[in-house]
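Heads up, the sequence shown is in my numbering, so the first residue is 930 and it goes up one at a time.
Just so it is clear, CB atoms sit at the ideal spot from N, CA and C, and this is done for glycine as well.
In this text the structure is predicted, and so the values were computed from the model without any measurement.
A quick write-up on the structure given underneath.
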Amino acid sequence: LSGEGPFTVFAPTDDAFAALPEGLVDALLLPENEAALTAVLTYHVLGAEVPSSDVAAGDVETLQGESITIAVGDDGAVLINEATVIAVDVEASNGVIHVIDAVLVPPSIDVSTLL
């Protein structure tokens, strides 16, 4: 993501990573799982800069190739799949970051095969 962009990154908190099944992060870091790690990471990225003022409900394709679902709850909370956006519009040199409370895993990744 050091390219020109623009990008929108949905960045999980440290607590979000800690909530993953035990051993998953270590498994993703193994050389034989590089493709799965790349898929998980790029599933958190959009190929356009989308500030919070432009967020709209619907399905959006990620850099990974699969779509995420953006929803706005009755209370105004923005959800990315099942993750809640907890901070918005962190500026980066090539886009914007929105902080989420869960790690997004693409539907094509079967976590059980990695553990």
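How many angstroms separate the CA atom of residue i from the CA atom of residue j?
{"i": "D1004", "j": "T991", "result": "26 Å"}
{"i": "V1007", "j": "A956", "result": "30 Å"}
{"i": "L970", "j": "I1038", "result": "12 Å"}
{"i": "A968", "j": "S1022", "result": "23 Å"}
If you follow the beta strand (DSSP E) that residue i is in, where does it begin and where does it stop?
{"i": "T998", "result": "S996 to V1001"}
{"i": "L958", "result": "First-last for L958: undefined, no H or E at that position."}
{"i": "D988", "result": "G987 to E990"}
{"i": "D1018", "result": "A1012 to A1021"}
Excluding the 5 residues preceding and the 5 following residue i in the sequence, name in chain order all residues of the same chain whose CB lies nearer than 7 Å to its CB.
{"i": "N1010", "result": "I997, T998 and L1033"}
{"i": "A1000", "result": "A986 and L1008"}
Who are the near neighbours of residue i in its chain, counting only those whose CB is closer than 6 Å to its CB and skipping five residues on each side?
{"i": "G934", "result": "N1023 and G1024"}
Under the assumption that residue i contacts residue j (Cβ atoms under 8 Å), give the Cβ distance between them as a whole number of angstroms.
{"i": "P950", "j": "V1040", "result": "6 Å"}
(message) Quick test of the definition: if touching needs 3 or more C-beta pairs under 8 Å, does the region 936-949 touch the region 1024-1036?
(response) yes
(request) Answer yes if the region 952-963 comes into contact with the region 976-984, meaning at least three C-beta pairs across the two stretches below 8 Å, and no otherwise. (result) no
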